[in-house]
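Below you'll find the structure, written out as structure tokens, and then a few comments.
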Amino acid sequence: MQLSPKVERVLNDQINHELTAFYAYMAMAAWFEQTPYKGFSTWMQAQSKEELTHADKIFHYISERNGSIKLKEIPLDAYSFKTPLSVFEAALILEESTTAAIHDVYELSLKEKDFETQNFLNWFLKEQIEEESSVRDMIDKLKLSNGSPSALMHLDSVAGKRPL
Numbered sequence: 005m006q007l008s009p010k011v012e013r014v015l016n017d018q019i020n021h022e023l024t025a026f027y028a029y030m031a032m033a034a035w036f037e038q039t040p041y042k043g044f045s046t047w048m049q050a051q052s053k054e055e056l057t058h059a060d061k062i063f064h065y066i067s068e069r070n071g072s073i074k075l076k077e078i079p080l081d082a083y084s085f086k087t088p089l090s091v092f093e094a095a096l097i098l099e100e101s102t103t104a105a106i107h108d109v110y111e112l113s114l115k116e117k118d119f120e121t122q123n124f125l126n127w128f129l130k131e132q133i134e135e136e137s138s139v140r141d142m143i144d145k146l147k148l149s150n151g152s153p154s155a156l157m158h159l160d161s162v163a164g165k166r167p168l
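Okay, so the sequence shown: first residue is 5 according to this note's numbering, each after it adds one.
This is the structure:
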């Protein structure tokens, strides 16, 4: 069954959202590269690769459903961070907006009675629980560190062990 034009449009929008998130996480990684916190940079690079994988999954899903893939411009936001905590707080906002966008796609697929797309999106819904949780966990730890250099370096070391 072919995608309805409405579902196809929002799935293409979601590809754009995921690619924008990829870009944002790379900007966060780049910020960390200019600091002593290379482990946090590794964490953000791994996150960026996940976002690229998400875009790729949707890309192939649209293709499998005989839809038309329409890539759009990625907005080039200027990112300005002051602390590791501020970077992770921006990451949480990004993840929450991704969750909301996926909910919108799911809701439309429900209205359109596109059960295949609903099933496809279930993986993304579960993934977003994990994504938000991991960012919140890091925010909690950064807040507990209270800016202590030794605590920050420990957290950075732990973050750097995340596989790329």
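All C-beta atoms in this analysis are idealised placements derived from N, C-alpha and C, irrespective of residue type, glycine included.
- Per the coordinates, the alpha-carbon of Glu-77 lies some 23 Å from the alpha-carbon of Tyr-110.
- For Glu-22, the enclosing alpha helix (DSSP H) starts and ends at 9-37.
- Pairwise C-beta distances place the stretch 135-154 out of contact with the stretch 7-27, as fewer than three of them are shorter than 8 Å.
- Inter-residue distance for Gln-6 and Glu-99 is about 29 Å (C-alpha atoms, whole angstroms).
- Across the structure, Thr-121 and Ile-73 are spaced so that their CA atoms are roughly 15 Å apart.
- With contacts defined by Cβ atoms closer than 8 Å, Ala-50 and Pro-153 do not form a contacting pair.
- Here Asn-150 is exposed. Its C-beta has fewer than 16 other C-beta atoms within 10 Å.
- Residue burial is scored here from C-beta neighbours: Asp-81 has fewer than 16 other C-beta atoms within 10 angstroms and is therefore classed as exposed.
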